[in-house]
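Taking full-length UniProt numbering, I'd label the letters of the sequence shown as residues 1 to 268.
All C-beta atoms in this analysis are idealised placements derived from N, C-alpha and C, irrespective of residue type, glycine included.
Model, not experiment: these values are computed from the prediction.
What follows is a single structure, written as structure tokens, with notes after it.
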Amino acid sequence: MPHHDNVSYTAMITAYLKNNELRKAEKLFQTMPDRTIVAESAMIDGYAKAGLMDSAQKVFDAMIDTNVFSWTSLISGYFRDGQVAKACQLFDQMPAKNVVSWTTMVLGYARNGLIDQARSVFNQMPEKNTISWTAMMKSYVDNGRTDEALKLFHEMPQRNLYSWNTMISGCLDGLARNGFTKLAREYFDQMPNKDIAAWNAMITAYVDECLIVEASELFNLMTERNIVTWNAMIDGYARHRPDGEAMKHLILMLRSCIRPNETTMTSY
């Protein structure tokens with residue numbers, strides 16, 4: 001193997017992890033002569049996302065210096081693994097916390113169905129940003145506590161254009177999934193600047209509710225569509241309209257120079 005300096009090692013390890021090639025990253029990491037904090041933190045994050053918490057903890061314990069990212073990645077991994085007590089213990093031991101680590105705690109509790117604990121952490125946060133507010137609101141929505149999510153939104157100090165769109169886009173799917181499709185549409189209509197994720201979430205919600213006419217109306221209003229948009233409509237027509245509309249939309253998608261993927265073929 002040609003000689004690599006620490007920068008090269010770190011860049012290659014990070015690239016492998018971004019491509020979900022954990023074993024290649026691990027093999028390279030094990031041959032790294034002088035491990036950097038960036039490489040170590042990246043491996044902790046990679047192991048944690050793969051559910052390999054023993055390996056993540058081993059790298060963390062061997063670190064000479066730690067940073068917020070290494071601590072937060074480990075905490076997030078334990079939450080994802082259902083080890084709530086361990087995640088909380090680490091957070092308490094964390095020497096320096098930032099808004100990302102606090103938000104990770106909110107999301108971690110919510111992931112494990114502990115919404116009241118998530119709100120308690122949220123209330124204790126010394127600093128909140130749009131992401132932390134949205135995380136708490138989405139946690140409420142995903143757990144069927146829509147009224148509390150909307151109440152929290154109206155308490156949000158930075159209710160500007162960006163935060164409004166971030167919150168609604170993040171919560172539309174949860175609102176619809178919990179039977180609040182009509183409410184989701186009301187908030188969708190109030191969005192001053194709708195991104196494609198919001199359009200797709202609303203169309204998918206209508207398809208799931210068998211409201212193909214409503215989904216089609218939104219689809220026809222869109223100025224930009226991606227593979228998610230087309231898949232939602234093709235799936236809806238295939239399930240609820242056995243009249244050739246699914247095939248028609250598949251052909252239209254191909255004419256729009258959008259290539260089908262596995263989901264497209266499964267839907268059709």
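Simplified DSSP state of residue i, which is helix, strand or coil
i, result
"asparagine 200", "helix"
"isoleucine 258", "coil"
"glutamate 127", "coil"
"methionine 265", "helix"
"threonine 10", "helix"
"glycine 77", "helix"
"glutamine 83", "coil"
"aspartate 208", "helix"
"phenylalanine 188", "helix"
"methionine 1", "The pLDDT assigned to methionine 1 is 42, lower than 50, so where the model puts this residue is not dependable; a value taken from the coordinates is nonetheless given after this. Of the three classes helix, strand and coil, the one that applies to methionine 1 here is coil, per DSSP."
"glutamate 217", "helix"
"methionine 253", "helix"
"isoleucine 64", "coil"
"arginine 119", "helix"
"glycine 236", "helix"
"alanine 96", "coil"
"alanine 50", "coil"
"threonine 36", "coil"
"asparagine 19", "coil"
Whole-angstrom distance between residue j and residue i, CA atom to CA atom
i, j, result
"phenylalanine 91", "isoleucine 44", "16 Å"
"proline 242", "threonine 181", "24 Å"
"glutamate 209", "serine 216", "13 Å"
"glutamate 214", "tyrosine 237", "12 Å"
"alanine 184", "leucine 175", "6 Å"
"leucine 252", "leucine 17", "36 Å"
"residue 276", "arginine 145", "The question about residue 276 has no answer, for the chain in this structure spans 1 to 268."
"glutamate 21", "glutamine 93", "31 Å"
"proline 95", "glutamine 83", "21 Å"
"asparagine 143", "asparagine 231", "27 Å"
"proline 157", "serine 76", "27 Å"
"proline 2", "tryptophan 133", "Caution is warranted here: a pLDDT of 49 is assigned to proline 2, below 50, making its placement in the model unreliable, and no coordinate value can be reported."
"threonine 263", "glutamate 245", "17 Å"
"tyrosine 140", "alanine 149", "5 Å"
"valine 207", "aspartate 65", "51 Å"
"glutamine 124", "phenylalanine 79", "19 Å"
"arginine 23", "threonine 72", "22 Å"
"glutamate 186", "asparagine 220", "19 Å"
"aspartate 116", "leucine 172", "22 Å"
Supposed contact pair residue j and residue i - C-beta distance, whole angstroms, cut 8 Å
i, j, result
"threonine 10", "threonine 36", "5 Å"
"glutamate 40", "serine 70", "7 Å"
"isoleucine 227", "asparagine 193", "Going by Cβ atoms, the distance from isoleucine 227 to asparagine 193 rounds to 22 Å, so no, they are not a contact pair."
"residue 272", "glycine 108", "Only positions 1 to 268 of the chain appear in this structure, which leaves residue 272 out of reach."
"valine 68", "asparagine 112", "About 22 Å separates the two Cβ atoms, so there is no contact after all."
"alanine 42", "alanine 48", "Not really, about 11 Å apart at Cβ, beyond 8 Å."
"alanine 198", "phenylalanine 188", "6 Å"
"threonine 223", "isoleucine 203", "In fact, because the Cβ distance is near 14 Å, the residues do not count as touching under 8 Å."
"methionine 136", "arginine 119", "7 Å"
"histidine 249", "isoleucine 212", "That pair is no contact at about 11 Å."
Task: Touching by the beta-carbon criterion (3+ pairs, under 8 Å), the region 90–107 and the region 119–136 - done: yes
Open item on the list: I want to know whether the region 80–89 touches the region 61–70 - three or more CB-CB distances under 8 Å.
Closed with: no
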